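Colleague: Position 47 of the sequence shown, counted from 1, bears residue number 71 in my numbering, the numbering being contiguous throughout.
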Amino acid sequence: MRDAMPTHLSFDAFIAACQRPLRRSLRVNTLKISVAGFLQRVAPYGWQLTPIPWCEGGLLDRTR
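And the structure:
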């Protein structure tokens, strides 16, 4: 694996990134509901959701 890494990237940094816990996220199926409609429906749960800039309909859960 180390040999497959480009020389300008750090293998140790790659391994460290793989071992970090994933952030909780979700994607709204906009064929069934709009993002705004989804946010209205989940508002009573108190979730702290923020848009993911590179994923249309994607939301990060910052509740924890």
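Backbone N, C-alpha and C fix where the C-beta goes; we use that ideal spot for every residue, glycine too. Source: prediction; values computed, not measured.
(1) Where Val32 and Phe38 are concerned, what is the direct C-alpha to C-alpha distance, given to the nearest angstrom?
(2) Which of helix, strand or coil does DSSP assign to Leu46?
(3) Does the beta-carbon of Leu83 have 16 or more other beta-carbons within 10 angstroms, so that it is buried, or is it exposed?
(4) Three-state secondary structure (DSSP) at Gly82?
(5) Which residues in the same chain as Pro45 place their Cβ atom closer than 7 Å to its Cβ, once the five residues preceding and following it in sequence are excluded?
Modeller: On the basis of the supplied data:
(1) Here residue 32 turns out to be His, not Val, going by the sequence shown. Looking at the two C-alpha atoms, the distance is approximately 12 Å.
(2) coil
(3) buried
(4) strand
(5) none
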